[in-house]
Amino acid sequence: MLSIKNLHASIDGKEILRGINLEVKAGEIHAIMGPNGSGKSTLSSVLAGKEDYEITEGSVTFNGKDLLELSPEDRAREGVFLAFQYPVEIPGVSNINFLKTAINEIRAYKGQTPMEAKDFLAMVKEKQKLVELDGKLANRSVNEGFSGGEKKRNEIFQMAMLEPKLAILDETDSGLDIDALRIVAGGVNKLKSKDNATIVITHYQRLLDYIVPDVVHILYKGKIVKSGPKELALELEEKGYDFIKEEVGA
Amino acid sequence: METITKVNTIKDKLIAEFESSKGSLFGDLSIREQALEAFSKQGIPNRKSEEYKYVNMELALKGEFLFSSSKKLSAKQIESSQFLKDAIVVVIENGKFNSEHSKINSLPQGLQVFNISDAISNDAFKKHYSKYSDVNLDPFIALNTAMSIGGVFIHVAKSAVVETPIHIIHLTSVSENTFLNSRNLIVVDENAQATIVESYEIIDSKAKSFNNAVTEIIVEANAIVDHYKIQDERDFGHLVCTTQSIQKKKSVFTTHTFTLSGLLVRNNLNMVLDDEFIESHLNGLYLTNGSQVVDNHTLVDHRKPNCNSNQLYKGIIEEKSSATFNGKIYVRKDAQKTNAFQSNKNILLSDDGTINTKPQLEIYADDVKCSHGTSTGKLDEDKIFYLRARGLSEASAKKLLMHAFASEVVGTIKIEALREYVEAKISKRFE
Chain A
23 MLSIKNLHAS IDGKEILRGI NLEVKAGEIH AIMGPNGSGK STLSSVLAGK EDYEITEGSV
83 TFNGKDLLEL SPEDRAREGV FLAFQYPVEI PGVSNINFLK TAINEIRAYK GQTPMEAKDF
143 LAMVKEKQKL VELDGKLANR SVNEGFSGGE KKRNEIFQMA MLEPKLAILD ETDSGLDIDA
203 LRIVAGGVNK LKSKDNATIV ITHYQRLLDY IVPDVVHILY KGKIVKSGPK ELALELEEKG
263 YDFIKEEVGA
Chain B
532 METITKVNTI KDKLIAEFES SKGSLFGDLS IREQALEAFS KQGIPNRKSE EYKYVNMELA
592 LKGEFLFSSS KKLSAKQIES SQFLKDAIVV VIENGKFNSE HSKINSLPQG LQVFNISDAI
652 SNDAFKKHYS KYSDVNLDPF IALNTAMSIG GVFIHVAKSA VVETPIHIIH LTSVSENTFL
712 NSRNLIVVDE NAQATIVESY EIIDSKAKSF NNAVTEIIVE ANAIVDHYKI QDERDFGHLV
772 CTTQSIQKKK SVFTTHTFTL SGLLVRNNLN MVLDDEFIES HLNGLYLTNG SQVVDNHTLV
832 DHRKPNCNSN QLYKGIIEEK SSATFNGKIY VRKDAQKTNA FQSNKNILLS DDGTINTKPQ
892 LEIYADDVKC SHGTSTGKLD EDKIFYLRAR GLSEASAKKL LMHAFASEVV GTIKIEALRE
952 YVEAKISKRF E
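Here is the structure:
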C-alpha cells in the first residue's frame with residue numbers, strides 16, 4: 023500500500039529525514055517510535071503534504087501513485103488520513119458542516135454523487151458512538167474549547183467518518199489520560215480491517231498496549247535504525263532510548 | 532494651489548445649489564441656513580483632513596451633479612430589494628419618501644411613520660430634529676442638514692413594542708450624476724422597543740451617485756432599539772452614511788453595519804450615552820474588493836457614569852481595496868464606572884490591499900475599564916492545511932475560514948431572515 027524509499031526531507035535547509043525506508047501493506051499496523059527530535063512528526067507531516075518541508079531525495083508511492091506529487095487534499099481523497107498531534111481549533115466552522123464538505127469533495131473526486139443528508143446523519147450518529155464523542159461536541163465548532171482528550175477523540179471521529187485506507191496517528195496518545203487513551207485506541211481497533219493500514223507514531227510504549235502493532239520501527243536521527251516485532255517496543259520501554267544510541271553507535 | 536481652487540469650486544457649487552433651492556426645501560429654514568454656514572466654514576474635506584484622509588472626497592465629488600432625480604423605479608424593481616418579507620417597508624427613492632411603494636397602511640399600535648416633509652409640525656419631530664447631529668462636527672452632517680430633500684420620520688410611542696422589523700429601503704437610480712441628501716429621524720419613546728433595518732442599494736443606474744444620508748435615532752429611557760445597516764451599492768456607489776444616536780437612562784441601542792459592497796463607503800457612527808446605565812453595541816462587517824474604499828468612523832461619547840459600550844468590527848480585504856476603522860471612545864470626567872471595549876480584526880487577502888486601523892481613547896474619568904484590540908493577518912495556514920488534510924480543496928478551505936471569520940459578526944443579527952440574507956450574500960461573494 024505504502025512504499026517509502028530513501029526519503030530525505032529538510033526544513034529551512036536543515037535535514038530532518040535522512041533516508042527513510044518503509045513498506046506498509048494492507049491490514050498491517052506499524053508503530054514508529056523514537057526520541058524527541060528524531061523526525062517522527064516530520065515524517066507524518068511530509069506524508070500528509072505539509073508544504074513547509076522540502077523533499078530532497080527519495081520517493082513515496084501510495085497504491086501505485088506518486089504521493090509526493092499530490093496536493094494535501096488529493097492525498098486525503100486517495101485515502102491518507104493524518105490524526106494531528108495538535109489538532110487546530112477553528113472557531114466558526116462547525117465540525118459537522120466541515121465533515122460533510124470533506125466527504126462530498128472526496129466523493130466528487132471519486133466521481134460519486136453527494137451523500138444524502140439522512141445517510142450522512144446516520145453515519146455521524148454511528149461513528150460518534152464508536153469514539154464515545156458527545157453529540158454536542160460533534161455539532162460545535164471544530165475543536166473550539168475542546169479538552170486535549172476531546173480533540174484526540176474528534177480526530178478519531180473524523181477518521182471514522184472519512185474511512186481512510188491509511189491512517190497515520192501522530193502522537194495521538196500525548197496528553198491523554200488512561201480512559202481517553204482506551205477510548206481512542208478502541209476506536210482505532212474497531213476501524214481496523216484487512217483493507218486498511220495504520221501507522222502509529224509515538225514516543226511511549228503505552229499506546230501499544232491498546233493498539234497492538236505488527237511491526238515496530240525505531241526512528242533515530244531521521245532514519246529507521248531498527249525494526250522488529252511488537253516486543254521491540256517493550257524492550258525500548260525497559261531500556262530507554264539510550265540503548266538505541268549505543269546500538270547504532272551514535 | 533490648484534487643489535484649493537478645486538475645493539472651492541465644489542463648495543461654491545453646493546452653496547449656489549442651496550441658495551437656489553432653499554425655498555422649496557422642507558422644514559425650518561433657519562436650521563438649514565445655520566448648517567450651510569457650518570458647511571462653508573468646513574468645506575469638502577481633502578486628503579489633508581485628519582478625519583477624511585483615507586477617502587478621496589474631492590475625487591468623488593468631481594464634476595457636475597444634480598440634487599434630485601425624477602427617475603422612477605417600477606414596483607417590480609423595488610420588490611427585489613424587499614428582502615425581509617414580513618417587514619414594515621419604507622421606501623426612500625433617490626433621497627425622497629415614496630408613499631406609493633411603502634407598506635405603512637396598517638401599522639402596529641404605537642407606531643407612526645411619516646414622510647419627513649409632512650412631519651414638521653409633529654411635536655416629537657420638533658423636539659428632536661437636528662438637535663443631536665452636530666453640523667460643526669462634520670461637513671457632511673452640515674451639508675445634509677442644509678440640503679436634505681426628504682426621508683422618513685418614525686415615532687414609536689411610549690411602551691409600544693413593535694416586533695415587526697421596520698425596513699427602510701434606500702434606493703438610488705439615476706440617469707445623470709446626482710448628489711442626494713436624505714434624512715431620517717427615528718424617535719423611540721420610553722419603554723418602547725423597535726427594530727430598524729436600513730438597506731442601501733443602487734438599481735438600474737446609469738450615472739454616478741453620491742448619497743449623503745443621515746439617520747438620527749433617539750432612544751429614550753428604558754427603550755431597546757436594534758438597528759441594522761446593509762450597504763450594498765456594488766462597485767459604483769458613493770455613500771456617506773451617518774448614524775447619530777442619543778440614548779437616555781437604562782436604554783439599549785445596538786447598531787450593526789454590514790458593508791457588502793460600494794465603491795466608496797464612509798460610515799460615521801456618533802453615539803451619545805447621555806445618562807446612566809446605558810448599553811451600546813456597535814457591530815460591523817465589511818467585505819471589500821476591486822478598488823473599493825470603506826471607512827468606518829465611530830465615536831462613542833460616554834457622558835454619564837455606569838454605562839457599557841462594546842464595538843466589534845471585522846473586515847476581509849481583497850485585491851486593491853482599502854478599509855479603515857477609526858474608533859474613538861470619549862469618556863468624560865463624570866462618566867465613572869464606564870466599561871468601553873473595542874475590537875477590530877481584519878483579514879488581508881492581497882498584497883495590494885490596505886488596512887488602516889486607529890483606536891482613539893480619550894479618557895477623562897479615573898475609575899473606568901476601557902480596552903481596545905486590533906489585528907490584521909492573513910488566513911491561518913495551519914487551519915487551511917488541517918482542512919485540506921481532510922479532503923477539502925484549498926478554495927473551499929479558505930471559503931470556510933472566511934465564513935467562520937465573518938460569523939462572529941453575522942451571528943449578532945437577531946432577525947433570522949436578515950441573518951440568512953447576509954449569509955447568502957457572503958456565500959455568493961466568496962464563491
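Protein chains in written order, with my numbering: chain A, 23 to 272; chain B, 532 to 962.
C-beta atoms are modelled at their ideal positions from N, C-alpha and C, and glycine is treated no differently.
Since we're looking at a predicted model, the values are computed, not measured.
Would you say A/L89 faces chain B, with C-beta separation under 8 Å as the test?
-> One-based indexing of the first sequence puts residue 89 of chain A at position 67. It does not; no Cβ of chain B falls within 8 Å.
Paired residues, beta bridge with A/H30 - DSSP | What you label residue 30 of chain A is simply residue 8 of the first sequence in a count that begins at 1. DSSP lists A/R40 and A/E79 as partners of A/H30.
Are the beta-carbon atoms belonging to B/S852 and B/N820 less than 8 Å from one another?
-> Your numbering for residue 852 of chain B matches position 321 in the second sequence. Your numbering for residue 820 of chain B matches position 289 in the second sequence. Yes, these two residues count as a Cβ contact at 8 Å.
Would you check if the segment 693 to 701 of chain B and the segment 634 to 642 of chain B touch, i.e. whether three or more CB-CB distances between them fall below 8 Å?
-> Verdict: yes, contact present.
B/R921 CB to nearest chain A CB: under 8 Å?
-> Locating residue 921 of chain B in the second sequence gives position 390, where the first residue counts as 1. Taking Cβ atoms only, chain A reaches closer than 8 Å to B/R921, which makes this a yes.
For chain B, is any of its Cβ atoms less than 8 Å away from the one on A/R99?
-> One-based indexing of the first sequence puts residue 99 of chain A at position 77. So yes, A/R99 belongs to the interface.
Proximal chain A residues relative to B/E939, where beta-carbon distance stays under 9 Å | Along the second sequence, one-based indexing puts residue 939 of chain B at 408. What B/E939 touches in chain A: P113 and G114.
Please state if the CB of A/L198 and the CB of A/G167 are separated by a distance shorter than 8 Å.
-> One-based indexing of the first sequence puts residue 167 of chain A at position 145. One-based indexing of the first sequence puts residue 198 of chain A at position 176. In this structure, A/L198 does not lie closer than 8 Å to A/G167 by Cβ.
Note down, in chain order, each residue of its chain lying with its Cβ closer than 6 Å to the Cβ of A/A219, except the 5 sequence neighbours on either side.
-> What you label residue 219 of chain A is simply residue 197 of the first sequence in a count that begins at 1. Closer than 6 Å at the Cβ level, and outside the excluded window around A/A219, lie M23, V46, A48, E50 and L188.
Please confirm if the segment 931 to 940 of chain B is in contact with the segment 127 to 141 of chain A, defined as three or more CB-CB distances below 8 Å between the two stretches.
-> When Cβ pairs closer than 8 Å are counted between the two stretches, the segment 931 to 940 of chain B is seen not to touch the segment 127 to 141 of chain A, the count staying below three.
Beta-ladder partner(s) of B/S963, from DSSP | Nothing about residue 963 of chain B can be reported from this structure: the residues present for chain B run from 532 to 962 only.
Per DSSP, what kind of secondary structure is B/E581 in: helix, strand or coil?
-> As a first step, residue 581 of chain B must be located in the second sequence, where it is residue number 50. Helix at B/E581.
Within-8 Å CB hit, B/A688 to chain A | Numbered from 1 along the second sequence, position 157 holds the residue referred to as residue 688 of chain B. So, not an interface residue.
Between the segment 114 to 139 of chain A and chain B, which residues of the former have CB atoms less than 7 Å from a CB of the latter, in chain order?
-> G114, V115, F120, T123, A124, E127 and I128
Is there contact here, the segment 31 to 39 of chain A with the segment 215 to 229 of chain A, by at least three beta-carbon pairs under 8 Å?
-> no
Cβ-heavy atom distance between B/E764 and the ligand PLP below 7 Å?
-> Ligands displayed in this structure: none; no statement on the ligand PLP is therefore possible.
Can you give the Cα-Cα distance for B/D763 and B/S730, rounded to whole angstroms?
-> The sequence position of residue 763 of chain B within the second sequence is 232, counting from 1. The sequence position of residue 730 of chain B within the second sequence is 199, counting from 1. Cα to Cα, the separation comes out at about 8 Å.
Can you tell which of B/N653, B/L674 and B/A688 has the C-alpha that lies nearest to the C-alpha of B/K572?
-> One-based indexing of the second sequence puts residue 572 of chain B at position 41. For B/K572, the nearest C-alpha among the options comes from B/L674.
Can you list, in chain order, the residues of its chain whose CB lies under 8 Å from that of B/S599, leaving out five sequence neighbours each side?
-> Here residue 599 of chain B refers to the residue found at position 68 when the second sequence is read from its first residue. Correct list, in chain order: N625, G626, K627, I680, T709 and L711.
Using three-state DSSP, classify B/T536 as helix, strand or coil.
-> By one-based count along the second sequence, residue 536 of chain B stands at place 5. Interpretation of B/T536 is limited by its pLDDT of 45, a score under 50 that renders its predicted location unreliable; the figure taken from the coordinates is listed afterwards. Looking at B/T536 - three-state DSSP - the assignment turns out to be helix.
Supposed close pair B/Q775, B/N743 - CB separation, criterion 8 Å | Along the second sequence, one-based indexing puts residue 775 of chain B at 244. Along the second sequence, one-based indexing puts residue 743 of chain B at 212. With a Cβ gap of about 13 Å, B/Q775 and B/N743 do not count as contacting.
For B/A854, which three-state DSSP category applies?
-> Mapped onto the second sequence, residue 854 of chain B falls at position 323. If DSSP states are grouped into helix, strand and coil, B/A854 belongs with the strands.
Measuring CB to CB, does B/A677 end up less than 8 Å from B/F549?
-> Translated into positions along the second sequence, residue 677 of chain B becomes position 146. Translated into positions along the second sequence, residue 549 of chain B becomes position 18. Against a cut-off of 8 Å, the Cβ pair of B/F549 and B/A677 comes out as a contact.
Taking Cβ-Cβ distances below 8 Å as the criterion, which residues of the segment 824 to 845 of chain B are in contact with chain A?
-> none
Around the C-beta of B/S555, are 16 or more other C-beta atoms found within 10 angstroms, so that it is buried, or is it exposed?
-> Working through the second sequence from its first residue, we reach residue 555 of chain B at position 24. Its Cβ having fewer than 16 others within 10 Å, B/S555 is exposed.
Are B/L592 and B/I541 close, meaning C-beta to C-beta below 8 Å?
-> In the second sequence, counting from the first residue as 1, residue 592 of chain B sits at position 61. In the second sequence, counting from the first residue as 1, residue 541 of chain B sits at position 10. Yes. Within cutoff.
Where does B/F808 sit, in a helix, a strand or coil, going by DSSP?
-> Here residue 808 of chain B is taken as the residue at index 277 of the second sequence, counted from 1. Three-state result, B/F808: coil.
Excluding five sequence neighbours on each side, which residues of the same chain lie with their C-beta closer than 8 Å to the C-beta of B/I635?
-> For the purposes of this step, residue 635 of chain B is taken as the residue at position 104 of the second sequence. Closer than 8 Å at the Cβ level, and outside the excluded window around B/I635, lie I619, V620, V621 and V644.
Who pairs with B/Q608 in a beta bridge, going by DSSP?
-> As a working mapping, residue 608 of chain B is identified with position 77 in the second sequence. Note: B/Q608 sits in no beta bridge, so no partner.
Alpha carbon of A/L203 to alpha carbon of A/K72, nearest angstrom | Stepping through the first sequence from its first residue, residue 203 of chain A is reached at position 181. Stepping through the first sequence from its first residue, residue 72 of chain A is reached at position 50. Approximately 27 Å between the Cα atoms of the pair.
Residues that A/F106 contacts on chain B, provided the C-beta gap is smaller than 9 Å | Mapped onto the first sequence, residue 106 of chain A falls at position 84. Y917 and A920, listed in chain order.
Any idea if A/V270 is buried or exposed, counting beta-carbon neighbours within 10 angstroms, 16 or more meaning buried?
-> On the first sequence, residue 270 of chain A is found 248 positions in, with the first residue counted as 1. Per the 10 Å Cβ criterion, exposed.
If you measure from the beta carbon of A/E95 to each beta carbon in chain B, is any gap under 8 Å?
-> As a working note, residue 95 of chain A is residue 73 in the first sequence. For A/E95, the answer is yes, since a Cβ of chain B falls inside 8 Å of its Cβ.
Could you please give the first and the last residue of the uninterrupted beta strand (DSSP E) stretch that includes B/A725?
-> Locating residue 725 of chain B in the second sequence gives position 194, counting from the first residue. B/A725 -> beta strand (DSSP E) spans Q724 to I733.
Beta-carbon proximity check, A/A102 vs A/F84, cutoff 8 Å | Counting from 1 along the first sequence, the entry for residue 102 of chain A is found at position 80. Counting from 1 along the first sequence, the entry for residue 84 of chain A is found at position 62. The amino acid at residue 102 of chain A is misidentified as Ala; the sequence shows Val. A/V102 places its beta carbon less than 8 Å from that of A/F84.
Which chain B residues are close to A/K72, counting only those with a beta carbon under 8 Å from its beta carbon?
-> Walking along the first sequence from the start, residue 72 of chain A turns up at place 50. Ordered by position in chain B, the residues that pass the 8 Å Cβ test against A/K72 are F916.
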